[in-house]
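Participant:
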Amino acid sequence: MPTPAPIGTFYCLNSGSVLYNDSMKIPKRIAPLVEDGVVDEVLRQLMSGKEATVYVVRCGDSIRCAKVYKDAAKRSFKQAVEYQEGRKGRNSRRQRAMEKGSKYGRKQQEEAWHNAEVDALYTLERAGVRVPEPFGCFDGVLLMELVTTEGGEVAPRLNDVVLTREQALEDHALMMTYVVKMLCAGLVHGDLSEFNVLVDDYGPVIIDLPQAVNAAANNHAKAMLERDVNNMTAYYGLSAPELLGSQYAKEMWALYEEGELHPEAQLTGVFDDDGDSADVDAVLQEIQAAMEEEENRLARIRQADASDD
Ligand SMILES: Nc1ncnc2c1ncn2[C@@H]1O[C@H](COP(=O)(O)OP(=O)(O)O)[C@@H](O)[C@H]1O
Ligand SMILES: [Mg+2]
Numbered sequence: 352m353p354t355p356a357p358i359g360t361f362y363c364l365n366s367g368s369v370l371y372n373d374s375m376k377i378p379k380r381i382a383p384l385v386e387d388g389v390v391d392e393v394l395r396q397l398m399s400g401k402e403a404t405v406y407v408v409r410c411g412d413s414i415r416c417a418k419v420y421k422d423a424a425k426r427s428f429k430q431a432v433e434y435q436e437g438r439k440g441r442n443s444r445r446q447r448a449m450e451k452g453s454k455y456g457r458k459q460q461e462e463a464w465h466n467a468e469v470d471a472l473y474t475l476e477r478a479g480v481r482v483p484e485p486f487g488c489f490d491g492v493l494l495m496e497l498v499t500t501e502g503g504e505v506a507p508r509l510n511d512v513v514l515t516r517e518q519a520l521e522d523h524a525l526m527m528t529y530v531v532k533m534l535c536a537g538l539v540h541g542d543l544s545e546f547n548v549l550v551d552d553y554g555p556v557i558i559d560l561p562q563a564v565n566a567a568a569n570n571h572a573k574a575m576l577e578r579d580v581n582n583m584t585a586y587y588g589l590s591a592p593e594l595l596g597s598q599y600a601k602e603m604w605a606l607y608e609e610g611e612l613h614p615e616a617q618l619t620g621v622f623d624d625d626g627d628s629a630d631v632d633a634v635l636q637e638i639q640a641a642m643e644e645e646e647n648r649l650a651r652i653r654q655a656d657a658s659d660d
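The opening residue of the sequence shown carries number 352 in my numbering; numbering runs sequentially from there.
1. Find the nearest neighbour of Gly610 within the set Gly479, Ala536, Leu384, judged by alpha-carbon distance.
2. Indicate, with yes or no, if ligand 1 has a heavy atom lying under 7 Å from the CB of Gly588.
3. Hey, out of Gly491, Ala563, Lys401, whose CA is closest to Gly437's CA?
4. Gly400: beta carbon under 7 Å from a heavy atom of ligand 2?
5. List, from N- to C-terminal side, the beta strand (DSSP E) runs of 3 residues or more that fit wholly inside the segment 477-553.
6. Can you find at least 3 beta carbon pairs, one from the segment 488-505 and one from the segment 577-584, that sit closer than 8 Å?
7. Using a 10 Å radius around the Cβ and a threshold of 16 neighbouring Cβ atoms, would you call Pro592 buried or exposed?
8. My output table needs one value for Val432: the three-state DSSP class, helix, strand or coil.
9. Would you mind working out which of Glu501, Val405, Gly541 sits nearest Leu394, comparing C-alpha positions?
10. Distance, Cα to Cα, Met533 vs Tyr553?
11. For Ile414 versus Val482, is the C-beta distance shorter than 8 Å?
12. Verify whether the separation of the beta carbon atoms of Leu509 and Val548 is less than 8 Å.
13. Is Ile558 near ligand 1, judged by its Cβ being under 7 Å from some heavy atom?
14. Assuming the contact rule is C-beta atoms closer than 8 Å, Leu618 and Glu602 should be a hit. Round their C-beta distance to whole Å, please.
15. Find the nearest neighbour of Cys416 within the set Leu384, Gln435, His571, judged by alpha-carbon distance.
16. Is Leu560 helix, strand or coil when you go by DSSP?
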């Protein structure tokens, strides 16, 4: 996607505010990236949340976004054990160290956490889900595309966007296709909400993935998928209430479990909680077979009666 074009000596960013192209003092965690020439300038801080601080940086001619993760002690719920399940270190020594919780183990765990988001971004980009283009993770700093509008402003979060009914229906449908593609790529976001979706001129862009869980290896994956999908449906449903009764999460998960979910799957949003109505043909075939069996049985009885006479 295009990065905002420089306008003279300043850039237009974030809700029309004008950012002069003076670099700010370099934050300590970004200093190694500047020394290595990965980042040329830190332009400003964009956001400081519970989990990370995000900066606008210049890398050569491109304006990018640098996400600096907070230390584990300052992070909140995303460290919870249910997110860790199914995440294996890349080698068993590292895995044992992580489990022991030694200083070395904690360092390994931090690295695994940092790499999880950049790995997820690469995976999702390949799977056709709109996410910021990743440029790598260096010393715990994730470099990625700064999502902007055509006008060069930082893209707003979905919770700040007022949607028409038509737009809400269209974006919800698109979001459901992204969640399906994500699941087909083996991932559940785990914290998908209107606060972790940006909206640019082309539609929704999913962000904030360090906690993404492995759909096949995590016992909480189904519940997390339901929460993610229900958050999205509830938000888009504010503008298009007809979405509110839909059951996309259950429909997706049932197909996924049966090994029948594919990236282009057309979902209906309708699902019977019994879980057995989906295969109507099979049920009809069974009824037909039972009727034939009964007819055969009656015919055999008639035949036996006839030969007794
Ligand atoms: N690639 C991006 N482009 C534009 N803004 C971004 C980008 N990534 C993050 N942001 C902004 O920074 C905020 C925090 O980033 P996020 O990845 O959600 O971290 P946190 O874990 O702190 O919520 C987001 O809500 C969004 O406003
Ligand atoms: Mg966030």
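By construction, the Cβ of each residue, glycine as well, lies at the ideal position given by its N, Cα and C atoms.
Facilitator: The short version:
1. Translated into the one-based positions of the sequence shown, residue 610 becomes position 259. The shortest C-alpha separation from Gly610 is found at Ala536.
2. Taking the sequence shown and counting its residues from 1, one reaches residue 588 at position 237. Gly588: no, Cβ never under 7 Å from ligand 1.
3. Position 86 of the sequence shown holds residue 437. For Gly437, the closest of Gly491, Ala563, Lys401 by C-alpha to C-alpha distance is Ala563.
4. Counting from one through the sequence shown, the residue named residue 400 turns up at place 49. Flag set: Cβ of Gly400 near ligand 2.
5. Listed in chain order, they are 485-489, 492-496, 548-551.
6. No contact exists between the segment 488-505 and the segment 577-584.
7. On the sequence shown, residue 592 is found 241 positions in, with the first residue counted as 1. Of the other Cβ atoms in all chains shown, fewer than 16 fall within 10 Å of the Cβ of Pro592; this residue is therefore exposed.
8. Taking the first residue of the sequence shown as 1, we reach residue 432 at position 81. Of the three classes helix, strand and coil, the one that applies to Val432 here is helix, per DSSP.
9. Indexing the sequence shown from 1 puts residue 394 at position 43. Closest option to Leu394, judged by alpha-carbon separation, among Glu501, Val405, Gly541: Val405.
10. Counting from one through the sequence shown, the residue named residue 533 turns up at place 182. Counting from one through the sequence shown, the residue named residue 553 turns up at place 202. Using only the alpha carbons, I get a separation of about 19 Å.
11. As a position in the sequence shown, residue 414 is number 63, starting the count at 1. As a position in the sequence shown, residue 482 is number 131, starting the count at 1. No, these two residues do not count as a Cβ contact at 8 Å.
12. Residue numbering aside, residue 509 sits at position 158 when the sequence shown is read from its first letter. Residue numbering aside, residue 548 sits at position 197 when the sequence shown is read from its first letter. Yes, the pair counts as a contact, with Cβ atoms nearer than the cut-off.
13. In the sequence shown, residue 558 corresponds to position 207, counting from 1. Correct: Ile558 has its Cβ closer than 7 Å to ligand 1.
14. By 1-based counting over the sequence shown, the position of residue 618 is 267. By 1-based counting over the sequence shown, the position of residue 602 is 251. Sure, about 5 Å apart at Cβ, within 8 Å.
15. The count along the sequence shown starts at 1 and reaches residue 416 at position 65. The option with the nearest alpha carbon to Cys416 is Leu384.
16. Translated into the one-based positions of the sequence shown, residue 560 becomes position 209. Leu560: coil per DSSP, three-state reduction.
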